[in-house]
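See structure below.
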Amino acid sequence: MSNTIICFGRKLEHFSSTSRSKLSCFNQSYRGLISTCFRFLVFRVNPFWVQLAYFIVLSLVGFGALKMSKPKSGSVSPKSIDVFFTSVSATTVSSMSTVEMEVFSNTQLIIITILMLVGGEVFTSMLGLLLGRFRFETPPSFDGDIVNSISNRGLQSDYSLTSKNIAQEVELGRITFSALANEKPINDLESNKNLTSDIKSLKYKATRCLGYLVFGYLLVVHAVGSSLVSMYVSLVSSARKTLKTKGIDIRTFSFFTVVSTFANCGFVPTNENMIVFKKNSGLLLLLIPQILIGNTLYPACLRALIWVFDKMTKKVEFSYILKNWKEMGYSHLLSSVHSCFLAATVFGLTLVQFILFCSMEWNSETMDGFSSYQKVVGSLFQVVNSRYAGESVVDLSTISSAILVLFVVMMYLPPYTSFIPTKYQKKEIEKGSQNESAGKSILDCVLFSQLSYLAIFIILICISERQKLKEDPLNFNVLNITIEVVSAYGNVGFSTGYSCKRRLKGEQWCTDSCAGFAGRWSNTGKFILIVVMFFGRLKNFSFKCGKAWKLS
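Everything in the sequence shown is counted per our numbering, starting at 760 for the first residue and increasing by one.
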């Protein structure tokens, strides 16, 4: 009897081990299949389609979450097209609005906050770094002795190729790989293989370091920013009273506003945007740096941060990133010269706007009720927001036409527009011309420039709203439509709004709203603007389009 039990136990143990091994093989095959499909989608499919799918799926998920959530009590639930418009606007960080923001409940505001966070440029670029690490099948092995020798010798290592002293030299900025050969003979092929492995290992570690650095940058800015805004609102009675009157939680407002500001979205939980806080100069001064470091000054701040970590930690990875910024494949990582000129250009454009805005609007009705100090801070906040952020402390419909045209130009400019002297561009132009000549396709020859597409979108909206252009010309005019379209393309969020006072025929049914100008458009016009927002969010892929068209 005991022998039978022992035999049965052995068979059961054998069966269980066989089952586990089969299950393990199945799991490995399943994971391998998923990994293969994932690598194909990420590295074989054009990045444009990957990002377009990302934003569309995110917008649809946001639409579903907003529809399932109930609006604020006492508010009418928005139409489906307006909910989807809001979801797309938050995902593409455009802040175009067709409904008032105070319609949304606290739960819906949190959903919009998440959409802005995961749709922001810094967050999506961090995902790109994470995906970039999958280019390495497995984390390559890295020889610690070589790292130490690199750190110790720096530029002092200089060996020539001989049979007894084999140098593996790869110039990585100031880093030079140099490895002395063992007493045993090693052929050149094996040496090159070891060298390639070392390079891949260093690049893998540098990519991982950069990803952690961007994540920390994102985390610290949001944590510190939301804490400072929450502290300010709690301590300043006028700001605290405003939120209490509107029934907005201080914590929700602080995190929502900081996420929106850093992502350069421009949404604010209040109907009036930042106009209701126009006299809270301290709050405006807290938000201005977050606007800049989240978009136009992000490359300069990132490079400065990497430089600080390089000096503090003396790690090889940071040196590699600084000297091999192009090889990292991170579009926000620029050279030191380019970063300096970018920062100078940002401050220069801001100064020009500030001078023109103050000279045109200082004594206008736009600045009524402001003290001199509040006018300076408010003007600075307004002009900084014209480059992609879209928050506003004044009613844009009351601003002079000259300033509106200036804002249109600023909204059209790419975020990293910079003035670089010709002598610093020669090498990049030569490399770029070689790449362009090798990579032209039939599609590149028929695509229009971005300005051409904007003209097409404006024409389409003028066609869809042609009846209103005739009946209500003071509200529905080409300038207001152009501002709305360029603002959506630039993912800014500026809008002149709609006023019943400007109607030629006063109707009793007309009620003023704090929603954007697009809120009065037809569903067709709103859908066209949704397309514009997607187009603007992916404009990096169309910067070089239209070169096949010659005007002379």
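We put the beta carbon where it would ideally sit given N, CA and C, even for glycine. All values reported here derive from a predicted model rather than from experimental measurement.
The criterion of a C-beta distance shorter than 8 angstroms is not satisfied by P1048 and S1098. Three or more beta-carbon pairs drawn from the stretch 842 to 860 and the stretch 804 to 819 are found closer than 8 angstroms, and the two stretches are therefore classed as touching. Taking a cut-off of 8 angstroms on C-beta distances, the stretch 1149 to 1169 touches the stretch 1119 to 1127, as three or more cross pairs fall below it. With contacts defined as CB atoms closer than 8 angstroms, N1250 and Y1147 qualify as a contacting pair.
Assignment of I870 by DSSP, reduced to helix, strand and coil, places it in the helix class. Distances from the CA of T1157 to each of S834, D1069, K1260 and D1008 were compared; the closest alpha carbon is that of K1260. Y1132 is positioned such that its CB atom lies no closer than 8 angstroms to that of A965. Scanning its chain for C-beta atoms nearer than 6 angstroms, with the 5 sequence neighbours on each side dropped, one finds around A849 the residues I871, L874 and M875, in chain order.
Going by beta carbons, M1126 and T851 fall outside the 8 angstroms limit. With respect to the C-alpha of V1168, the residue from L1139, L1213 and G1137 having the closest C-alpha is L1213.
The alpha carbon of L1056 has as its nearest neighbour, out of N1030, Y971 and N1023, the alpha carbon of N1023. With contacts defined as CB atoms closer than 8 angstroms, G1053 and S854 fail to qualify as a contacting pair.
One Cα belongs to N1282, the other to L868, and the distance between them is close to 24 angstroms. Classified as exposed, T1270 has fewer than 16 neighbouring CB atoms from the shown chains inside 10 Å of its CB. One Cα belongs to T1241, the other to T1109, and the distance between them is close to 22 angstroms. Annotated as distal: K1005 and E880, with beta-carbon spacing of 8 angstroms or more. When only Cα atoms are considered, G1149 and V1067 end up about 31 angstroms apart. Leaving aside the five residues that flank F1113 on each side, the residues in its chain whose CB is nearer than 8 angstroms to its CB run, in chain order, S1138, L1139 and V1142. For the 8 angstroms CB-CB criterion, S864 and K838 do not form a contact. Restricting attention to L1288, V1096, P806 and V988, the CA atom closest to the CA of S1254 is found in L1288.
Distance from N1032 to S997 at the Cβ level is roughly 17 angstroms; contact not present, criterion being Cβ atoms closer than 8 angstroms. Judged by their CB atoms, F882 and L977 are nearer to each other than the 8 angstroms cut-off. With respect to G1275, G1256 sits close: the two C-beta atoms are nearer than 8 angstroms.
Around L1233, the same chain offers R1261, R1262 and L1263 as residues with beta carbons nearer than 8 angstroms, after the five sequence neighbours per side are excluded. One thing to note: F1100 has its Cβ no nearer than 8 angstroms to the Cβ of F1012.
Under a 10 Å Cβ-count criterion, W808 is classified as exposed, with fewer than 16 other Cβ atoms of the shown protein chains found around its own Cβ.
M875 carries a helical assignment under DSSP once its states are collapsed to helix, strand and coil.
Between W1280 and the set F1300, K1303 and I1222, the nearest pair of CA atoms involves I1222. The DSSP-derived three-state label of A965 is helix.
Look at L1056 here: in three-state DSSP terms it is coil, with no helix or strand label.
Of the candidates K1070, S1151 and T1104, S1151 places its Cα closest to the Cα of L1043. When C-alpha distances from E1086 are compared across G891, N1299 and F1207, the shortest belongs to G891.
Per the C-alpha coordinates, the member of L1061, D1154, V1075 and V979 positioned closest to F1036 is D1154. The DSSP-derived three-state label of V835 is coil. Taking a contact as a CB-CB distance under 8 angstroms, the pair I1009 and S993 counts as one, their CB atoms being some 6 angstroms apart. For F1129, no alpha helix (DSSP H) segment is defined, and its DSSP state is neither H nor E.
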